[in-house]
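Visitor: Dumping the structure here so I can ask a few things about it.
Put into structure tokens, the structure is as follows:
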């Protein structure tokens, strides 16, 4: 199939999606699917799923396919508690018949056919795909469709023809700044499979840790990891686990910067004098490999050789980001080398280093992936640029003939709402103007979970459910972009993912329990009422607002470590305010709901204070509780003023805005999310009440 | 130490407990300890626990002790999220210094010294004990004392001298009716350790399953378990896990009845003709071993020989309960045998069988434990009676010279409130009148988790936290029996146990999520508001009230399978009503709280109904929701009438009682817990209002 017919096909699929009523109904999508499939055609009726449910495999067969079916059946049993048989049957008489045509590649490749067709009607279901990659995706679609109904568990009649928009749909986890235990990675791979992501990018080395066993250079992990590293057997097991879920594993060894932990055992690689210690702080640090030292390349040759054998994937990430050059500048030998080789600046020196390392990676059969910084003149075309800088760099790379993936806009640690990530499209901005051929070089994107502030307790709530919105951006047609329906489906998958073992909801509650200590249920409710409305400060503002310099030993037991990065309650409140203010005249139902909400919030502080007196971890958010109380009083006053139907005075406004300003300030590194919406109410009151209010 | 001085010692300890203010303050016990220690003396100040916290082992040392310290430190890190070192240090300069004097027995024995002394002050803590059994208990006490404080995590200054009241403090889990995966048993052993229970009684065979691998008779587990059995290696691993927690493992092979699953592979053991199939239903069934067949004893000799080697414990449980005798009566050969041997009835026949088996058990170095039925004239004195019939049988056994343990009153599956279990004392009733020597024969008790209606999702919520109240009954001085302080501490341990990995709270939420399907948070709240007030029907009424005959294949996904067996919200409501009615005159604060509660409950039904229309699992409880709504209207009417201060009319009363009767009826196998308390309000209204109300 040439590109043009592919595009036409896509056009038809997109049209089908746009025609689906389910995709435009903001409140109640009929299909709870995330990512939205390329095409879905609703039928009538539904397929009942009871204890007799069975699956048959016909056509191509391999053990991975059997395992995927068993995993599917186990998950189906978990979702329903039905005592179904956990093995595939033979023959075509099963409730769900699966047919793959042939094997996928032995080592999963970028751009392999991942399409599938799933047909469900009242009498049975059929799932067909060219390879097991497609059937695995289709099984996840079935699991999402399966829901409780008035008559039992059921999946709706539907015909889905599905395929991904981008071939590279990744999640990066930084296992170096904080170590990620294997079970935590595995449950996140389960989550990735559920939303059809296919690349796990494993950030394995950093200033703060070298996290994989090297048999050739054991001092790397022995001295550079605080004994928190993955053995090679564990890594092989994880790669097999990922392959079973249609997920490639791309390792990253960040160099020449971000590498202090290497130098603890191997100071001879560094540009400075050492000695070096594992870095405990966060930020960009001076240590960097010495690009002028031939021993460095010999070392990397052996290390890459060792690692390339462990990771079967065709791609190998060498990092390359954020070298500040201070060690290079301070080293006369390096300065002399630059002059001698006519390397005008440190960028040129790094380009020299990257070129040398790229040759080593190619020698060991792999293709280099690197962050933006590796893209400098003269770098070979067979390199993939991962852009943390944005679509402009992506477009620039594509124009120059490089393949690329976008991560700018998908940094999960920045605390953005899902809708903001969701609005970022790899093909927007400068990338929108690329030629069709250039566009093909944009392979997709990766969300990134940088790990300054994550541990096994809270990493899931930093990744999920927001990562599902990003997964949809990479999989679904570009036109699927309504945030309201996305959020409805995100709530759905947020609940479902807990059945896979993810802990984004359960651990939030547990952490609150720890924060409160021995608390009555009422007190815990009071704490939860407050914390449900708080979000950690955004972007890179946690450090400047920290009570003390954070390090890798800082306990993560505070409210800021516990609350989800996006407040559902805050968002729902904002929606309610908008609904109230857009009503043609006084919307008494919304008004009553707002008033009840404000009253509960205003009175919450009195319930919370006893707890604040008992626990230092609650005490830290006591002022946030007072702010919520004061903000709620403002909200009530604004509703009163609006109900009067006469413009409120400027002095009244000034008083209210002063309270709102207090509420808007970050405190305890936390934002009080309802503040902007309350401000809208105050402004509406000043404009003369609801019937004359400024529309949001 | 002779018995008299022991009694005196106990007297002093009991006195100390009674003098402790913490033990009589109903609302806010200063020490959140369950079980309550034999003696505790509060000091002033507290020991701060921060990242520098350390533990040193001095004195006697063994690997189990090291592991117990590491486990303690891991748990402490979990409770605090502090990055503490997870290894014991050497030397006496640690925050907590632990000293055991000598080893405990190689195979843990009944009545070994489990005492310990724990002293905590502002500068450090010291834990001493004769053996590791004591230090392990002391570490659990420390973990319970550790809590969040205004200045950080801390443990209060206190001196605790502690020892158990009874040497046999057990939990029985029936892994036969439904299989219990090993990880589920392990987390329950963790829970047992936390509350100082020391016997895990493992009910391994039943009509519904033979759950342990036999290498001598592999058809037992191969044909009798649906492939759900424990390998011998797994069992050994579990026994080691238990020993590490100071817990003995007593296996039970129930015979001659409750043994259908044995007969699937070995019909030659049975008294009937067969063939036999694994039983899928619940109840008492006819199949029983043939006591007249010498091959049966040969078989049991070999099997007991094999199993006695796997289980190091000195005790071996042979069941012996509930033989209905029908197969015996129907077998002419058995009838002839009875005549020939002058066995007057089936009890005598069973006594003959028990005597033969007892000899085999003794031959393999063990002491027999059996249910009440094994206690028949002539049974050797070296046998332990486990009483499911009550203290009368316990006393009878003790008088006849038998040792015994009580399980009557501790059946967790009957759904009793914790306070009811808590009120059952092994030494009450007939047992209270035993002589001191006879009393010593009462070894303690066991709670029992029979498994008709439990699976890995809900077993924790059937056992915990109520089992902690029973654990306290077995450990703490007899005088510790105030249910109000017990409940306060039970709430505490209920939250804490989740940090050990128990799922009694998290899975309730997850199961509600499944019941509701894709529900908005508000709808889930509406469901939870209702289900928090429901309890499964009690005792053995689930079967007669079942919508269809329950079997081992019945899905456990209904509300009745999900809600805790004791409703905290229902109990709190009852307490509030009592408080309102015992006030000297109209208690306006309680009245306002009751009114708010009733209003919320009354209005909840409207919020729940949309969900009931979508999910068959919610639909099942829709009438319970309507009952709650109607009941709440009655409650409001009663409050109105009470506020008037004039006696309500008889016709009014009749109307209200009719509604209450509806609410009291079990529906969907569920009880609506607030009904009796609302009836109290109605009766108070008829009596003329609060100032004249009948006191509860």
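Protein chains in written order, with the working numbering: chain U, 31 to 726; chain S, 31 to 726. Glycine included, each C-beta is placed from N, C-alpha and C at the ideal position. Bear in mind that the values here come from a model prediction, so they are computed numbers and not experimental data.
Which residue wins for smallest C-alpha separation from residue 610 (chain S), given the options S:599, S:622 and S:119?
Guide: Cα-wise, what sits closest to residue 610 (chain S) is S:622.
Visitor: Measuring straight from C-alpha to C-alpha, what distance separates residue 121 (chain S) and residue 88 (chain S)?
Guide: Going by the C-alpha atoms only, they are around 7 Å apart.
Visitor: Leaving aside the five residues before and after residue 505 (chain U) along the sequence, list all residues of the same chain whose C-beta is less than 7 Å from its C-beta, in chain order.
Guide: The residues are 65, 194, 195, 199 and 226.
Visitor: If you measure beta-carbon to beta-carbon, which residues of the region 169–185 of chain S are closer than 9 Å to chain U?
Guide: Listed by position, the residues of the region 169–185 of chain S near chain U (Cβ gap below 9 Å) are 177, 178, 179, 180, 181, 182 and 183.
Visitor: Just to confirm before moving on: does the CB-CB distance between residue 590 (chain S) and residue 669 (chain S) stay below 8 Å?
Guide: The answer is no: Cβ separation not under 8 Å.
Visitor: Exposed or buried, residue 615 (chain S), counting other C-beta atoms within 10 Å across all chains shown (16 or more means buried)?
Guide: Label assigned to residue 615 (chain S): exposed.
Visitor: Pull up the distance between the alpha-carbon of residue 285 (chain U) and that of residue 298 (chain U), whole angstroms please.
Guide: Cα to Cα, the separation comes out at about 15 Å.
Visitor: On the three-pair Cβ rule with 8 Å, is the region 625–645 of chain U touching the region 470–485 of chain U?
Guide: Judged by Cβ distances under 8 Å, the region 625–645 of chain U makes no contact with the region 470–485 of chain U, as fewer than three pairs qualify.
Visitor: For chain U, find out if any of its Cβ atoms is closer than 8 Å to the Cβ of residue 207 (chain S); answer yes or no.
Guide: So, not an interface residue.
Visitor: If contacts are defined as beta-carbon pairs under 8 Å, then residue 259 (chain S) and residue 243 (chain S) qualify, I think. What distance do you get, rounded to the angstrom?
Guide: The Cβ separation is near 6 Å, so the contact holds.
Visitor: According to the neighbour-count rule (16 or more other Cβ atoms, all chains shown, within 10 Å of its Cβ), is residue 581 (chain U) buried or exposed?
Guide: Exposed, since its Cβ has fewer than 16 Cβ neighbours within 10 Å.
Visitor: Mind the definition here: the region 312–329 of chain S touches the region 358–368 of chain S only if three or more C-beta pairs lie below 8 Å; say whether that holds.
Guide: They touch, by the three-pair rule.
Visitor: For residue 727 (chain S), go through chain U and note every residue whose CB falls closer than 7 Å to its CB, in chain order.
Guide: Any property of residue 727 (chain S) remains undetermined from this structure, which presents chain S solely from 31 to 726.
Visitor: So, are the CB atoms of residue 171 (chain S) and residue 73 (chain S) less than 8 Å apart?
Guide: No; because the gap between Cβ atoms is not below 8 Å, this pair is not in contact.
Visitor: Roughly how many angstroms separate the alpha carbons of residue 267 (chain U) and residue 216 (chain U), rounded to a whole number?
Guide: Roughly 10 Å separates the two Cα atoms.
Visitor: Within its chain, find whatever has a CB closer than 7 Å to the CB of residue 484 (chain U); leave out the 5 residues flanking it on each side and keep chain order.
Guide: Same-chain partners within the cutoff: 208 and 492.
Visitor: Which residue spans inside the region 571–616 of chain U form an unbroken alpha helix (DSSP H) run of at least 4?
Guide: Here the runs fully enclosed are 589–592 and 598–612.
Visitor: Leaving out the 5 sequence neighbours to the left and right, which residues in its chain are closer than 8 Å to residue 105 (chain U) when beta-carbon positions are compared?
Guide: Hits under 8 Å: 173, 529 and 530.
Visitor: Out of U:291, U:573 and U:536, state which residue places its alpha-carbon closest to the alpha-carbon of residue 594 (chain U).
Guide: Of the candidates U:291, U:573 and U:536, the one whose C-alpha sits nearest the C-alpha of residue 594 (chain U) is U:536.
Visitor: Helix, strand or coil for residue 215 (chain U) per DSSP?
Guide: The answer is helix: DSSP assigns residue 215 (chain U) an H, G or I state.
Visitor: Return the residues of the region 643–672 of chain U that lie within a Cβ-Cβ distance of less than 7 Å from chain S, sorted by chain order.
Guide: Cβ contacts with chain S come from 643, 644, 645, 646, 647 and 649.
Visitor: Pick out whichever of U:607, U:113 and U:273 has its Cα sitting closest to the Cα of residue 625 (chain U).
Guide: Closest by alpha carbon: U:607.
Visitor: In chain order, what residues of the same chain lie with their CB nearer than 7 Å to the CB of residue 293 (chain S), ignoring the 5 residues before and after it?
Guide: Hits under 7 Å: 299, 300, 304, 306 and 317.
Visitor: Is it a yes or a no for the region 399–408 of chain U touching the region 345–358 of chain U, going by three-plus beta-carbon pairs under 8 Å?
Guide: Judged by Cβ distances under 8 Å, the region 399–408 of chain U makes contact with the region 345–358 of chain U, as three or more pairs qualify.
Visitor: When the Cα of residue 597 (chain U) is compared with those of U:579, U:538 and U:472, which residue comes out closest?
Guide: Of the listed residues, the one whose Cα sits closest to residue 597 (chain U) is U:538.
Visitor: Residue 583 (chain S) versus chain U: which residues are under 9 Å apart at the beta carbon?
Guide: The contacting residues are 81 and 113.
Visitor: Considering only C-alpha positions, which residue in the set S:705, S:677, S:612 and S:557 is nearest to residue 600 (chain S)?
Guide: Nearest C-alpha to residue 600 (chain S): S:705.
Visitor: Relative to the C-alpha of residue 650 (chain S), which candidate in U:160, U:98 and U:182 has its C-alpha closest?
Guide: Residue U:182 is the option with its Cα nearest to residue 650 (chain S).
Visitor: Identify the continuous alpha helix (DSSP H) that holds residue 365 (chain U) and give its terminal residues.
Guide: It spans 362–370 - the alpha helix (DSSP H) in which residue 365 (chain U) sits, taken as one unbroken run.
Visitor: Opposite residue 186 (chain S) in the DSSP bridges: which residues?
Guide: S:76.
Visitor: Ignore the nearest five residues each way along the sequence and tell me which others in residue 373 (chain U)'s own chain have a CB closer than 7 Å to its CB.
Guide: So the qualifying residues of the chain are 379 and 382.
Visitor: Taking residue 219 (chain U) as the reference, which of U:99, U:203 and U:416 has the closest Cα?
Guide: Closest option to residue 219 (chain U), Cα to Cα, is U:203.
Visitor: Using 8 Å as the cut-off, can you tell me whether the region 674–683 of chain U makes contact with the region 642–657 of chain U, which would need three or more C-beta pairs spanning the two stretches below that distance?
Guide: In short, these stretches do not touch, since the Cβ pair count stays below three.
Visitor: What distance in whole Å lies between the Cβ atoms of residue 500 (chain S) and residue 451 (chain S), which are believed to be in contact at a cut-off of 8 Å?
Guide: Between residue 500 (chain S) and residue 451 (chain S) the Cβ distance is about 5 Å, and since that is below 8 Å, they are a contact.
Visitor: Excluding the five sequence neighbours on either side, which residues of its own chain have a C-beta within less than 6 Å of the C-beta of residue 431 (chain S), listed in chain order?
Guide: So the list reads 411, once near-sequence residues are dropped.
Visitor: For a minimum of 3 consecutive residues, which ranges assigned as the beta strand (DSSP E) are wholly contained in the region 119–202 of chain U?
Guide: Correct list: 126–130, 146–151, 154–159, 177–179 and 182–192.
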